[in-house]
Every structure is written in C-alpha cells, then in structure tokens.
Amino acid sequence: MNRKHGFTLVELLLGMSLTLLVGGVLYLMQSTGMSTVRKGTSQLILTSEVRNKMERMVADLRNAKEILEIKPDMVKMRCYKYSLEKPDPGEDALVTVTWEVERGGRQQVLWRAENRENPVKMLSLEKIGPQLFQPFFENYDQVSPVGWSYYPFDMVSNDSGQRQRISLIRITLDFKQQGESADLVTTVTMRPAATRIRQPNWKFR
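Take a look at the structure:
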C-alpha cells in the first residue's frame with residue numbers, strides 16, 4: 001500500500017515564519033553595518049575638511065607679529081606672509097588677517113579675510129561652539145622657575161598692554177554638521193616662521 005507524505009499546513013506556516021525571521025535578522029544586520037560604514041566615512045571626511053581649515057588658521061597665528069583684536073569667535077592680527085620668493089620677509093610682508101564666525105540662519109560660517117580683500121568662506125556648519133579662541137599673555141611671575149607665566153587675557157577689558165603680550169592661543173572648534181559632531185582642540189604659539197616649532201598633536205574628544 002503506497003502512502004504519500006507531505007507537509008501539513010502548520011509545518012508550512014512554521015517554515016515560512018522561520019524563513020522570514022532569519023531573513024529579517026540578516027537584513028537588519030546588513031543595514032546596520034552599512035549605516036555604520038556610511039556614518040564613519042561621513043565623519044572622517046568632515047573631520048578631515050575641518051582639520052585642514054584649522055591648520056590654515058594655525059599657520060596664520062604662528063606667523064603673527066601682533067594681535068590687533070580678539071574675541072571668543074574672532075581674531076584680527078598682523079602676520080608675515082611667507083612665500084618661496086620671500087622666505088625671509090621684512091615688515092613690508094605684513095598683512096592683516098581676520099578670522100571670524102558669522103552666526104545666524106541655519107548655517108554658521110567661518111570667514112577668513114586678508115587686508116581689504118573679499119572674505120573667503122572657510123567652513124559652513126550647523127553649529128560652531130561659542131568659545132573658539134582663548135588667548136593667554138605672558139607676564140612676570142617671581143614664583144615661576146623661568147620668571148614668567150601665562151595668564152588668561154580678559155577680552156572684555158581688552159587691555160592693550162596685555163594684548164600686545166599675547167603669545168599663546170588655545171583654539172577649540174566644537175562643531176556639528178548633518179548629525180555628526182566633533183571637538184578639535186589645539187594650542188598655538190605665535191612666532192615668526194623662522195623660529196616656529198612643531199605644534200602638539202591634535203587632540204580629539
């Protein structure tokens with residue numbers, strides 16, 4: 001006597017449910033992995049762009065002769081403009097450079113202006129932290145083993161004597177763009193290019 005074996009309706013439904021469950025888990029894992037890769041790539045590209053612009057700012061500050069005006073989100077300085085034609089320029093190579101954050105609207109823009117030329121847009125981000133520049137000036141300190149120390153410069157009182165002795169500026173670029181955020185921090189010692197030293201490594205938080 002021949003008997004034909006087959007799947008019952010319950011077995012078929014159970015098999016389909018398991019197939020859907022496994023497929024859903026695999027799709028979720030693949031989707032999460034691709035999202036993580038895209039997020040990492042986007043953050044890497046954004047951080048690289050911001051870092052390049054920060055290095056331009058650091059280069060200007062390293063070559064600065066004096067700070068003319070400084071606020072939490074703006075610095076105006078006179079700095080030496082070096083080139084291959086003038087590797088050791090004199091006072092005639094001094095230019096006035098301004099870095100300033102424009103706030104308002106959906107995007108906050110970091111501008112760079114040289115002398116009276118039209119400003120150049122360096123960065124356009126959803127958010128730029130309010131404390132971009134934190135300057136310090138040198139002053140006599142009898143307790144210090146070297147005879148002097150750094151003191152925070154008061155940008156409210158804006159003492160011209162202290163401003164002329166500013167030689168260290170801490171830059172903190174806290175930014176956000178397209179859901180990605182980062183915090184770039186570095187410290188710049190202002191000095192002519194002939195005596196400049198390597199900056200500390202970038203610190204990421």
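Take the sequence shown: its letters are residues 1 to 205, numbered as in this note's numbering.
The C-beta atom is built at its ideal place from N, Cα and C for all residues, glycine as well.
| For MET77: DSSP bridge partner residues | If you number the sequence shown from 1, residue 77 lands on position 77. Answer is ILE67 and VAL97, bridged to MET77.
| message | Contact between the segment 137-147 and the segment 94-106 is defined here as three or more beta-carbon pairs at a separation below 8 Å; is this criterion met? | response | no
| Over what stretch of residues does the alpha helix (DSSP H) that includes GLN178 continue unbroken? | Counting from one through the sequence shown, the residue named residue 178 turns up at place 178. Careful: GLN178 lies outside any alpha helix (DSSP H) and carries neither H nor E.
| query | Candidates ARG170, TYR27 and LEU61: which alpha carbon is nearest VAL185's? | reply | The sequence position of residue 185 within the sequence shown is 185, counting from 1. The residue with the shortest Cα to Cα distance from VAL185 is ARG170.
| query | Smallest Cα separation from GLU49: which of ALA182, VAL95, MET190 and THR189? | reply | The count along the sequence shown starts at 1 and reaches residue 49 at position 49. The shortest C-alpha separation from GLU49 is found at ALA182.
| query | Just to confirm, are LYS65 and MET155 a CB contact at a threshold of 7 Å? | reply | Here residue 65 refers to the residue found at position 65 of the sequence shown. Here residue 155 refers to the residue found at position 155 of the sequence shown. Cβ atoms of LYS65 and MET155: not closer than 7 Å.
| message | Taking the alpha carbon of LEU61 as the reference point, which residue from SER157, SER144, PHE133 and PHE153 has its own alpha carbon closest? | response | Locating residue 61 in the sequence shown gives position 61, counting from the first residue. Minimum Cα-Cα distance from LEU61 among the listed residues SER157, SER144, PHE133 and PHE153 corresponds to PHE133.
| task | Determine the DSSP secondary structure at ARG103, reduced to helix, strand or coil. | result | Looking up residue 103 in the sequence shown gives position 103. Of the three classes helix, strand and coil, the one that applies to ARG103 here is coil, per DSSP.
| query | Using the beta-carbon count (16 or more within 10 Å), is SER115 buried or exposed? | reply | If you number the sequence shown from 1, residue 115 lands on position 115. According to the sequence provided, residue 115 is Asn. The question's Ser does not apply to it. Burial call: exposed.
| task | Could you spell out where the beta strand (DSSP E) holding GLN164 opens and where it closes? | result | Within the sequence shown, numbered from 1, the residue matching residue 164 stands at position 164. No beta strand (DSSP E) holds GLN164; the alpha helix (DSSP H) holding it covers 160-164.
| request: State the DSSP-derived secondary structure class of VAL109, mapped to helix, strand or coil. | output: One-based indexing of the sequence shown puts residue 109 at position 109. Secondary structure of VAL109 (DSSP, three-state): strand.
| field | Same chain only: Cβ atoms within 8 Å of SER160, ignoring 5 sequence neighbours per side | value | By 1-based counting over the sequence shown, the position of residue 160 is 160. Within the same chain, SER160 has no close Cβ partners at all.
| message | Can you look up GLU138 in the DSSP assignment and give me helix, strand or coil? | response | For the purposes of this step, residue 138 is taken as residue 138 along the sequence shown, with counting starting at 1. Assignment of GLU138 by DSSP, reduced to helix, strand and coil, places it in the strand class.
| field | Nearest-angstrom Cα separation, counted from LEU125 out to ASN118 | value | As a position in the sequence shown, residue 118 is number 118, starting the count at 1. As a position in the sequence shown, residue 125 is number 125, starting the count at 1. If you take the alpha carbons of ASN118 and LEU125, they lie about 20 Å apart.
| Where do the N-terminal and C-terminal ends of the beta strand (DSSP E) with MET122 fall, by residue? | One-based indexing of the sequence shown puts residue 122 at position 122. That run of the beta strand (DSSP E) goes 120-125.
| request: Measure the C-alpha to C-alpha separation of TRP111 and THR32 and round it to an integer number of angstroms. | output: Position 111 of the sequence shown, counted from the first residue, corresponds to residue 111. Position 32 of the sequence shown, counted from the first residue, corresponds to residue 32. Distance between the alpha carbons of TRP111 and THR32 is about 37 Å.
| By how many angstroms is the C-alpha of GLU11 removed from the C-alpha of ARG51? | The count along the sequence shown starts at 1 and reaches residue 51 at position 51. The count along the sequence shown starts at 1 and reaches residue 11 at position 11. When rounded, the distance between both Cα atoms is 60 Å.
| task | Take the Cβ of ARG56 as the centre, count every other Cβ of all protein chains shown within 10 Å, and call the residue buried at 16 or more, exposed below. | result | The residue you call residue 56 lines up with position 56 of the sequence shown. Exposed is the call here.
| field | Span separating the alpha-carbon of ALA59 from that of LYS121 | value | Counting from one through the sequence shown, the residue named residue 59 turns up at place 59. Counting from one through the sequence shown, the residue named residue 121 turns up at place 121. Cα to Cα, ALA59 sits roughly 17 Å from LYS121.
| query | Candidates ASP73, ASP141 and CYS79: which alpha carbon is nearest PRO130's? | reply | Locating residue 130 in the sequence shown gives position 130, counting from the first residue. Answer by Cα proximity: ASP73.
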